[in-house]
Amino acid sequence: MPPIISVSNLSKTYDGGHEALKDVSLDIERGEILALLGPNGAGKTTLISIICGIVSASGGNVTVDGHDIVSDYRHTRSLIGLVPQEITLEPFETVSNTVNFSRGLFGKPRNPVIVEKVLRALTLWDKKDQKIMALSGGMKRRVLIAKALAHEPRILFLDEPTAGVDVELRKEMWQLVDTLRDDGVTIILTTHYIEEAEAIANRVGVINDGKLLLIEDKDAMMRRMGQKQMQIRLQTATDKIPPQLTPYDLERSEDGLTLTYTYDTMAERTGITKLLTDLNAAGLVLRDVQTSQSSLEQIFVDLVKATP
Ligand SMILES: Nc1ncnc2c1ncn2[C@@H]1O[C@H](COP(=O)(O)OP(=O)(O)OP(=O)(O)O)[C@@H](O)[C@H]1O
Ligand SMILES: [Mg+2]
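Going by our numbering, the letters in the sequence shown line up with residues 94 to 401, in that order.
As structure tokens, then:
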């Protein structure tokens with residue numbers, strides 16, 4: 094099946110000359126959960142806003158369900174639910190009116206059954222007659238999600254859905270995302286919480302300074318996370334790695350006192366025991382051993398730092 098969203102060579106320069114997106118291309122598959130990670134100002138909201146038709150692109154194009162987002166705007170927009178980063182709600186309106194009204198905006202007939210289902214899924218049913226201004230911040234976030242789901246979209250964008258949300262509500266949102274995915278909804282979320290991407294995404298994309306640095310299957314990324322390094326400090330420096338240790342691909346420090354071994358923690362055998370025996374046999378005497386692990390966070394930080 095063709096991707097549900099296809100972004101080709103997208104660029105955006107805002108009035109004033111800031112280049113917020115630089116030649117971004119990506120395909121989003123039906124039913125996947127894609128997490129977009131990136132520091133403040135990376136271009137995440139800009140990308141989402143273009144796909145949703147709120148901001149116009151300076152170059153490139155986007156299709157949603159095979160339709161161009163500019164020439165077929167009404168169709169593509171009707172497939173999308175957007176939970177914006179900023180809370181934009183009418184303070185004097187009630188919860189249920191807010192959600193009903195949003196459904197109407199997309200030309201969908203009133204449907205109390207759907208609206209009730211959405212409000213219940215977000216534990217807002219008992220708040221349905223309350224005015225927005227009487228709700229807490231977390232509740233308002235829920236209303237934003239309910240509003241985005243009111244017209245039964247096939248794609249849901251969540252722009253930092255859990256910023257400033259307590260742990261419990263965060264977990265609830267993750268559960269909701271799971272349920273929606275089971276219903277076949279494609280979900281794209283932006284987040285600063287790397288553990289959020291770890292918990293719910295199928296794929297992770299990293300954006301920095303308007304460029305998509307990497308987009309990868311989360312499990313593949315987790316395998317990379319599984320890379321651990323062991324620093325072996327020696328009693329006396331060695332000027333080269335003994336030939337019998339070649340298979341371990343060790344890295345020798347400049348002073349010859351430290352050898353670094355990189356291994357996969359998820360592999361059945363890490364090879365550590367054998368390495369230590371072989372080191373001994375090669376006449377190298379250990380002083381101490383230290384291990385460190387590269388986390389997704391580290392991968393992310395390194396990637397972003399390396400961007401020219
Ligand atoms: N309407 C606008 N006019 C001019 N510049 C803008 C506008 N909107 C965004 N920008 C700039 O474009 C860049 C990308 O902004 P964007 O909101 O897409 O980033 P973001 O990745 O969503 O960041 P955050 O994590 O802080 O939400 C920023 O430098 C921002 O200042
Ligand atoms: Mg943003």
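Every residue, glycine too, gets a C-beta built ideally from N, C-alpha and C. Fair warning: this is a prediction, and the values are worked out from it, not measured in the lab.
Using only alpha-carbon positions, find the residue among Gln-268, Leu-343, Thr-353 and Leu-372 that is nearest to Ile-126.
-> Reading the sequence shown from its first residue, position 33 is the one you call residue 126. Minimum Cα distance to Ile-126 is reached at Gln-268.
Kindly give me the distance between the Cβ atoms of Asn-373 and Gly-131, rounded to whole angstroms, as I take these residues to be in contact under 8 Å.
-> Walking along the sequence shown from the start, residue 373 turns up at place 280. Walking along the sequence shown from the start, residue 131 turns up at place 38. Actually they are not in contact, since the Cβ atoms of Asn-373 and Gly-131 sit about 47 Å apart, beyond 8 Å.
Residue span of the beta strand (DSSP E) that contains Lys-321, given as start and end = Stepping through the sequence shown from its first residue, residue 321 is reached at position 228. Counting along the chain, the beta strand (DSSP E) containing Lys-321 begins and ends at 320-327.
Can you list, in chain order, the residues of its chain whose CB lies under 8 Å from that of Tyr-341, leaving out five sequence neighbours each side?
-> The residue given as residue 341 occupies position 248 in the sequence shown. Once the five neighbours on either side are set aside, the close Cβ partners of Tyr-341 are Tyr-354, Gly-364, Leu-368 and Asp-371.
What is the DSSP secondary structure of Glu-265, reduced to helix, strand or coil?
-> In the sequence shown, counting from the first residue as 1, residue 265 sits at position 172. DSSP, read as helix, strand or coil, puts Glu-265 in helix.
From Gly-146 to Val-163, what distance separates their C-alpha atoms?
-> Counted from its first residue, the sequence shown places residue 146 at position 53. Counted from its first residue, the sequence shown places residue 163 at position 70. Going by the C-alpha atoms only, they are around 7 Å apart.
Write down every uninterrupted run of the beta strand (DSSP E) in the stretch 238-317 whose length is 3 residues or greater and which is fully enclosed by it, in chain order.
-> Entirely contained in the stretch 238-317, the beta strand (DSSP E) runs reaching 3 residues are, in chain order, 248-252, 279-284, 296-301 and 304-310.
Cβ separation of Leu-212 and Lys-221, assumed to be a contact under 8 Å, to the nearest whole Å | Counting from 1 along the sequence shown, the entry for residue 212 is found at position 119. Counting from 1 along the sequence shown, the entry for residue 221 is found at position 128. Indeed they touch by this definition, with Cβ atoms about 6 Å apart.
Minimum C-alpha distance to Ile-293 - residue among Glu-122, Asp-108 and Ala-128 | In the sequence shown, counting from the first residue as 1, residue 293 sits at position 200. Answer by Cα proximity: Ala-128.
If you measure from each residue's Cβ to the nearest non-hydrogen atom of ligand 2, which ones come out under 7 Å, in chain order?
-> Lys-137, Thr-138, Gln-178, Asp-252, Glu-253 and Thr-283
Within the present structure, is the beta-carbon of Tyr-107 separated from the nearest heavy atom of ligand 1 by less than 7 Å?
-> On the sequence shown, residue 107 is found 14 positions in, with the first residue counted as 1. Yes, ligand 1 has a heavy atom inside 7 Å of this Cβ.
Can you tell which of Gly-303, His-160 and Ile-281 has the C-alpha that lies nearest to the C-alpha of Gly-174?
-> Working through the sequence shown from its first residue, we reach residue 174 at position 81. Minimum Cα distance to Gly-174 is reached at Ile-281.
Tell me, to the nearest whole angstrom, how far the beta carbon of Leu-237 is from that of Ile-180; I am working on the premise that it is less than 8 Å.
-> By 1-based counting over the sequence shown, the position of residue 237 is 144. By 1-based counting over the sequence shown, the position of residue 180 is 87. Confirmed, about 6 Å.
Tyr-356 lies in the beta strand (DSSP E); which residues open and close that run?
-> Counted from its first residue, the sequence shown places residue 356 at position 263. Start and end: 351-357.
Assigned secondary structure, Lys-224 (DSSP; H/G/I helix, E/B strand, else coil) | Mapped onto the sequence shown, residue 224 falls at position 131. Reduced to three states, the DSSP call for Lys-224 is strand.
Please report how far the alpha carbon of Leu-305 lies from the alpha carbon of Ala-375, in whole angstroms.
-> On the sequence shown, residue 305 is found 212 positions in, with the first residue counted as 1. On the sequence shown, residue 375 is found 282 positions in, with the first residue counted as 1. Distance from the CA of Leu-305 to the CA of Ala-375, rounded to the nearest whole angstrom, comes to 46 Å.
State whether the stretch 131-142 contacts the stretch 199-208, with contact taken as three or more CB pairs (one from each stretch) at a distance under 8 Å.
-> Cβ pair count under 8 Å is below three, so no.
Exposure of Tyr-107, with buried meaning 16 or more beta-carbon neighbours within 10 Å | In the sequence shown, counting from the first residue as 1, residue 107 sits at position 14. So Tyr-107 ends up on the exposed side.
Determine the DSSP secondary structure at Lys-333, reduced to helix, strand or coil.
-> Numbered from 1 along the sequence shown, position 240 holds the residue referred to as residue 333. Coil, per DSSP.
When we look at the beta-carbon of Arg-380 and count the other beta-carbons within 10 Å, is it buried (16 or more) or exposed?
-> Reading the sequence shown from its first residue, position 287 is the one you call residue 380. It counts as exposed.
Is the closest heavy atom of ligand 1 to the C-beta of Asn-133 under 7 Å?
-> In the sequence shown, the residue the question calls residue 133 occupies position 40. For ligand 1, at least one heavy atom lies less than 7 Å from the Cβ of Asn-133.
Contact between the stretch 144-161 and the stretch 323-342 (3+ Cβ pairs under 8 Å) | no
Pick out whichever of Glu-209, Ile-144 and His-168 has its Cα sitting closest to the Cα of Val-188.
-> Your numbering for residue 188 matches position 95 in the sequence shown. Nearest option by C-alpha distance: Glu-209.
Opening and closing residue of the alpha helix (DSSP H) in which Thr-169 lies = Here residue 169 is taken as the residue at index 76 of the sequence shown, counted from 1. From DSSP, the alpha helix (DSSP H) with Thr-169 extends over 166-171.
Is the beta carbon of Lys-105 less than 8 Å from the beta carbon of Leu-119?
-> Stepping through the sequence shown from its first residue, residue 105 is reached at position 12. Stepping through the sequence shown from its first residue, residue 119 is reached at position 26. No, Cβ-Cβ distance for Lys-105 and Leu-119 is not below 8 Å.
Put Glu-112 into one of helix, strand or coil per three-state DSSP.
-> Working through the sequence shown from its first residue, we reach residue 112 at position 19. Here Glu-112 sits in strand by DSSP.
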